[in-house]
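Chemist: Take numbering that gives the first Met the number 0: the final residue in the sequence shown is number 254, and no numbers are missing along the way.
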Amino acid sequence: MPTVSHLLAALAASLAVIAVAHTANWITVAGTLALVPLLAAAGISVRLRRVPPAVAMLVLSLGIILTLHLWPGFASPLVWKDRVFCAGCLPHSLYLSVDQALLVAAWLPLVVGTWRIAAPAPLLGASMATVTAAITLGIATGLFRWQPGWPDLRLLGLFAATNLITVAAEEVLFRGLLQRHILHRLGAVHAWWLTAVTFGLAHLPFGAEFAAVATVAGLGYGYVAWQSGSLWPAIGLHWAINLLHFSLFSYPMLA
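And the structure:
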């Protein structure tokens, strides 16, 4: 249930992101204006003490626009461009996504939930099953192979920092908004698998195999979010799988 304290946390985090981005010339006035509808939607949700369907759809739409870097006024800095991490791997470019950071700052406090820590063992078991299933399917489909990238800790640190923003943005949109919105209409089980399928379809531009792995991983992310009552376990699991993929397997995928 969104409260005034959540809204104040969102406002403070958003202003911090904008302040840093303006100092570094990563955002213009046009980019800053994206905060207006995000915080307006947050204010409506706090006033109603829930996130109504129309608001959820509005924030989802804004989130997609920001995630696809379609909102003007953002100049996300390039971390590396067309880097090839292994023989036979596709080149990979990495950006610090300022637009996604603004989305996370404005809405993570409202949808993160409260973690129920009463039963950590099932969450740990589900997390391990998710890691195993996603990696096994990725190898079986020829998407990637065992290819440890250690000990380049500098690259791993850069990837970890920037990828955490992307992971948090995806979890806000899919598990924080979409899964909870479907839950109120169709129930928890249908919300769980439908969100995972949608998450997989969102990765279809990277290929059918990638979409299949994303769907399997999405089942795990959605389950731990559902069972814990919080986005933190989903964000942690999602981030951990991406770090394992980057550091121990061919990244981003085989050509």
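Even glycine gets a Cβ: it sits at the ideal position worked out from N, Cα and C.
Per DSSP, what are the beta-bridge partners of L93 in this structure?
Modeler: Against the sequence shown, residue 93 aligns to sequence position 94. L93 pairs with W79.
Chemist: Can you tell me the Cα-Cα spacing of H5 and I164, whole angstroms?
Modeler: Here residue 5 refers to the residue found at position 6 when the sequence shown is read from its first residue. Here residue 164 refers to the residue found at position 165 when the sequence shown is read from its first residue. Spanning the two alpha carbons is a distance of roughly 19 Å.
Chemist: From which residue to which residue does the alpha helix (DSSP H) around N24 run?
Modeler: Residue mapping note: residue 24 aligns to position 25 of the sequence shown, counting from 1. Note, N24: premise wrong, no alpha helix (DSSP H); not H, not E.
Chemist: Rank L247, L242, I26 by C-alpha distance to the C-alpha of F158 and give the top, closest one.
Modeler: Taking the sequence shown and counting its residues from 1, one reaches residue 158 at position 159. Among L247, L242, I26, the Cα nearest to that of F158 belongs to L242.
Chemist: With DSSP as the reference, label L123 as helix, strand or coil.
Modeler: Taking the sequence shown and counting its residues from 1, the one referred to as residue 123 is at position 124. In this structure, L123 counts as helix in the three-state DSSP scheme.
Chemist: What are the start and end residues of the alpha helix (DSSP H) that includes V45?
Modeler: To locate residue 45, count along the sequence shown from 1; it is residue 46. Per DSSP, V45 belongs to the alpha helix (DSSP H) from 34-47.
Chemist: Which partner residues of F209 appear in the DSSP bridge assignment?
Modeler: Taking the sequence shown and counting its residues from 1, one reaches residue 209 at position 210. Beta-bridge pairing links F209 to no other residue.
Chemist: Leaving out five residues before and five after A23 in sequence, what residues of the same chain have Cβ atoms less than 6 Å from its Cβ?
Modeler: The sequence position of residue 23 within the sequence shown is 24, counting from 1. Once the five neighbours on either side are set aside, A23 has no close Cβ partner at all.
Chemist: May I have a chain-ordered list of the beta strand (DSSP E) segments no shorter than 3 residues that lie completely inside the segment 126-201?
Modeler: Qualifying beta strand (DSSP E) stretches: none in this window.
Chemist: Can you give the Cα-Cα distance for Y94 and P76, rounded to whole angstroms?
Modeler: Within the sequence shown, residue 94 is the residue found at index 95, counting from 1. Within the sequence shown, residue 76 is the residue found at index 77, counting from 1. Roughly 6 Å separates the two Cα atoms.
Chemist: Cβ of A168 within 8 Å of Cβ of T66?
Modeler: To locate residue 168, count along the sequence shown from 1; it is residue 169. To locate residue 66, count along the sequence shown from 1; it is residue 67. The answer is yes: Cβ separation under 8 Å.
Chemist: For G219, is the classification buried or exposed, using 16 other Cβ atoms within 10 angstroms of its Cβ as the cut-off for buried?
Modeler: Counted from its first residue, the sequence shown places residue 219 at position 220. G219 is buried by the Cβ-count criterion.
Chemist: Any chance the segment 49-62 sits against the segment 166-186, with 3 or more Cβ pairs inside 8 Å?
Modeler: Short answer: they touch.
Chemist: Would you report the Cα separation of P36 and V97, rounded to the nearest angstrom?
Modeler: By 1-based counting over the sequence shown, the position of residue 36 is 37. By 1-based counting over the sequence shown, the position of residue 97 is 98. P36 and V97: Cα-Cα distance of roughly 17 Å.
Chemist: By how many angstroms is the C-alpha of F209 removed from the C-alpha of A15?
Modeler: Sequence index remark: in the sequence shown, residue 15 carries index 16 (1-based). Sequence index remark: in the sequence shown, residue 209 carries index 210 (1-based). A15 and F209: Cα-Cα distance of roughly 35 Å.
Chemist: Return the CA-CA distance between W231 and P121, expressed in angstroms with no decimal places.
Modeler: One-based indexing of the sequence shown puts residue 231 at position 232. One-based indexing of the sequence shown puts residue 121 at position 122. Spanning the two alpha carbons is a distance of roughly 15 Å.
Chemist: Have a look at T194 and A86 and give me their C-alpha separation to the nearest angstrom.
Modeler: As a working note, residue 194 is residue 195 in the sequence shown. As a working note, residue 86 is residue 87 in the sequence shown. Their backbone Cα atoms lie some 35 Å apart in a straight line.
Chemist: Start and end of the alpha helix (DSSP H) containing V314?
Modeler: Missing from the structure shown is residue 314; the chain here goes from 0 to 254 and no further.
Chemist: How is S227 classed by DSSP in three states: helix, strand or coil?
Modeler: Your numbering for residue 227 matches position 228 in the sequence shown. Three-state DSSP puts S227 in a helix.
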